[in-house]
Amino acid sequence: MALFMVAASLNVEGGGYKYSYIVDSDGTANVTITFSSPTPGSSWLLVPKNFTHWICEVVKGNITQSNLSEAYPISYAFYENFSFTYIPGKEGFELKITYNASYVAFIEEPFGFFFSTQISSNPQDDLEIVVALPLGSSLDASVYGVDGGYTIREVGGRVWVEVEDPPSSGRLAIEFTLPNLQANLITLTEGCFRVEAASRYMDLAQHYLSLYSEVYPSLQEIFEVELEEIEVKLYVPSMEDVASGVGGFVPFRAGRPGAINLNLFYVRAVEGTMELIALHELVHHFLWKVGIQPSRLWVHEGLAEYISIELGKNMGLGEGVEEHEEEIVEIASNLNNLGFIQDWSFEQQGDLTPYYAASYHIFKTLGDEFGGLNFYHDFFNYVAAKGEVSDDVTVIECLSLAANQSLFERFREWGFELPPMDLSEARLLAERQAEGLPSWCQPARMIARLFLKISYQLEEAGFFALAEASVKVATWISKNASVLSLFIYSLIVASLVTSIWFFKHYQALK
Numbered sequence: 202m203a204l205f206m207v208a209a210s211l212n213v214e215g216g217g218y219k220y221s222y223i224v225d226s227d228g229t230a231n232v233t234i235t236f237s238s239p240t241p242g243s244s245w246l247l248v249p250k251n252f253t254h255w256i257c258e259v260v261k262g263n264i265t266q267s268n269l270s271e272a273y274p275i276s277y278a279f280y281e282n283f284s285f286t287y288i289p290g291k292e293g294f295e296l297k298i299t300y301n302a303s304y305v306a307f308i309e310e311p312f313g314f315f316f317s318t319q320i321s322s323n324p325q326d327d328l329e330i331v332v333a334l335p336l337g338s339s340l341d342a343s344v345y346g347v348d349g350g351y352t353i354r355e356v357g358g359r360v361w362v363e364v365e366d367p368p369s370s371g372r373l374a375i376e377f378t379l380p381n382l383q384a385n386l387i388t389l390t391e392g393c394f395r396v397e398a399a400s401r402y403m404d405l406a407q408h409y410l411s412l413y414s415e416v417y418p419s420l421q422e423i424f425e426v427e428l429e430e431i432e433v434k435l436y437v438p439s440m441e442d443v444a445s446g447v448g449g450f451v452p453f454r455a456g457r458p459g460a461i462n463l464n465l466f467y468v469r470a471v472e473g474t475m476e477l478i479a480l481h482e483l484v485h486h487f488l489w490k491v492g493i494q495p496s497r498l499w500v501h502e503g504l505a506e507y508i509s510i511e512l513g514k515n516m517g518l519g520e521g522v523e524e525h526e527e528e529i530v531e532i533a534s535n536l537n538n539l540g541f542i543q544d545w546s547f548e549q550q551g552d553l554t555p556y557y558a559a560s561y562h563i564f565k566t567l568g569d570e571f572g573g574l575n576f577y578h579d580f581f582n583y584v585a586a587k588g589e590v591s592d593d594v595t596v597i598e599c600l601s602l603a604a605n606q607s608l609f610e611r612f613r614e615w616g617f618e619l620p621p622m623d624l625s626e627a628r629l630l631a632e633r634q635a636e637g638l639p640s641w642c643q644p645a646r647m648i649a650r651l652f653l654k655i656s657y658q659l660e661e662a663g664f665f666a667l668a669e670a671s672v673k674v675a676t677w678i679s680k681n682a683s684v685l686s687l688f689i690y691s692l693i694v695a696s697l698v699t700s701i702w703f704f705k706h707y708q709a710l711k
């Protein structure tokens, strides 16, 4: 970057950049970047790194030095820094860079959304942008990302958007309409999935249909439920969707999940990002089917994050999965109290990232400690046995049963506000722990059952403190069943050996 800063200081009079986007009916853009200057100097701009091939042509003058390097201080996944030093010819200096870029605009008639490639260059140089929207677009367009003025006009039967200032964040966005055109929609089906999209996105529709068909058996194994017909829609985003980071959503109406909506914008993200979003939204359907109600949003979102990330890593979906996990782990590491997610609802406003991160952290922590997806398989079995889970206490009770130990205190440490566990809940958990012991731990199981029976009798007699103590003893026995059973077996063996010795010794005396 030091090179670029020095180079920029040499450009006293400054040159000018012009970014031109010619967008076709499928949303692909022919991009032309022209730089011109009447005087010698140096400049820099960001160019595509790996998603398309770009061509650099010196039209006038000469380049005396050029360099490609990583952008600094901000690094980009898809762009790198091209710096150059130039001298003009008799008619000045002119440089032209051209490339084609897919998915610069997303279109499902009558709606369209344009989002430019990265527009970043030497701030000492002038910059203007021209966008020719697809044929059939109207003058009714909304422009985002620029602080200065812009014009929208029709040129040769085509709508042009002209911007005279650089975009504030390096991106220009335009919402536009094609009022006289109607979308050609296609529907692809396989198994219980039905994917709908504009015909220009048939390849994407097939890709996500195949993804769902591939992952479905794994999710069936985890949840032990089957889904009925699932509708999936690939939709064109609005500026609000992009600004808020909405990658997809499943609307709940009357307590039931609707269609899976996947934001087409994220096909431009790093590999695996949109696939992860697709898995996340599918998990919501499984969570509802097994009995977890959407009112427990922290459970729905936390488990959708955890399960989709784990499956995404297992399937090798790409760096987008790891990047997303690293991002939310970093956010969660700065949160001290996680109890705020108890009040998370669909009406929540503002930045929801901490809510997702905190919810994920809880299920990631428990998964790492108790067996990952196998642990949640057991959890979902307990949820299904309940029929419906719609409160935090029942969620934690089912998690405790799957973990074979009480997790209520753990959640209190995380900041959850929970009522004290009553005696019946503690005894139920102890009973499940005892029943879950392996057959060779029969001695410990019998003793634990005995103390639980004593607990019932003490409670009926009004001795609540002693009843609670009996439950704690039963819980301790179940947690230490292996050692206790081995000790009892050792005593039995020792008793047998001693009895045999005494019998033989007695026989010898006779």
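Quick note, the sequence shown lines up with residues 202 to 711 if you use our numbering. Note that CB positions come from ideal geometry on N, CA and C, so glycine has one too. Here the structure is a predicted model, which is why all the values come from computation and not from measurement.
Buried or exposed by the 16-neighbour rule on C-beta atoms within 10 Å, applied to residue i
| i | result |
| --- | --- |
| L334 | buried |
| V698 | exposed |
| D442 | buried |
| L504 | buried |
| T474 | buried |
| L246 | buried |
| D326 | buried |
| M206 | Its pLDDT being 36, under 50, M206 is placed unreliably by the model, and nothing is read from it. |
| V694 | exposed |
| R457 | exposed |
| V684 | exposed |
| A662 | exposed |
Span separating the alpha-carbon of residue i from that of residue j
| i | j | result |
| --- | --- | --- |
| T388 | V396 | 6 Å |
| H501 | H481 | 10 Å |
| L518 | R354 | 43 Å |
| L405 | Y304 | 12 Å |
| G216 | T253 | 26 Å |
| S419 | S496 | 26 Å |
| V594 | E281 | 51 Å |
| E660 | A668 | 5 Å |
| I493 | S509 | 17 Å |
| P249 | T229 | 15 Å |
| N263 | E271 | 24 Å |
| S400 | N385 | 6 Å |
| T318 | G521 | 19 Å |
| S238 | E365 | 17 Å |
| P438 | A342 | 15 Å |
| M202 | V491 | Unreliable positioning characterises M202 in this predicted model, as indicated by a pLDDT of 35, which lies under 50. A coordinate reading is not provided. |
| Q643 | A470 | 55 Å |
| Y409 | G293 | 51 Å |
| P621 | V433 | 43 Å |
The alpha helix (DSSP H) enclosing residue i, as first and last residue numbers
| i | result |
| --- | --- |
| A444 | M440 to S445 |
| Q407 | M403 to F424 |
| A604 | D593 to A604 |
| V259 | Taken as a continuous stretch (DSSP letters only), V259 belongs to no alpha helix (DSSP H), being part of the beta strand (DSSP E) at I256 to K261. |
| V584 | L574 to K587 |
Simplified DSSP state of residue i, which is helix, strand or coil
| i | result |
| --- | --- |
| S221 | strand |
| E397 | strand |
| K673 | helix |
| L713 | In this structure the chain extends from 202 to 711, so residue 713 is not present and cannot be described. |
| P646 | A quick correction: the sequence has Arg, not Pro, at residue 646. Residue state, collapsed to three classes: helix. |
| R613 | helix |
| F307 | strand |
| P452 | coil |
| E526 | helix |
| P555 | helix |
| V364 | strand |
| F487 | helix |
| F664 | coil |
| R469 | helix |
| R497 | coil |
| V248 | strand |
| A154 | An answer regarding residue 154 cannot be provided, because it is not within the stretch 202 to 711 covered by the chain. |
| R372 | coil |
| M202 | For M202, the predicted structure reports a pLDDT of 35, less than 50, and the residue's modelled location is therefore unreliable. The matter cannot be settled from this model. |
Start and end residues, beta strand (DSSP E) containing residue i
| i | result |
| --- | --- |
| D348 | No beta strand (DSSP E) contains D348, which DSSP labels as neither H nor E. |
| A230 | A230 to S238 |
Candidates the options: closest to residue i by CA position
| i | options | result |
| --- | --- | --- |
| E713 | I423, A278 and R633 | Since the first residue of the chain shown is 202 and the last is 711, residue 713 is not available in this structure. |
| F394 | S338, A479 and G521 | A479 |
| E632 | S679, D348, P249 and A306 | S679 |
| E476 | T566, S414 and F487 | S414 |
| F466 | E309, L685 and R454 | E309 |
| V447 | A455, L463 and V433 | L463 |
| P452 | D552, S321, P241 and L498 | L498 |
| D735 | D592, L382, G588 and G572 | Absent from the structure is residue 735, since the part of the chain shown begins at 202 and ends at 711. |
| I256 | Y300, G290, K291 and P241 | Y300 |
Beta carbon proximity, residue i to chain D, threshold 9 Å
| i | result |
| --- | --- |
| S679 | Absent from the structure is chain D; it holds one protein chain and no more. |
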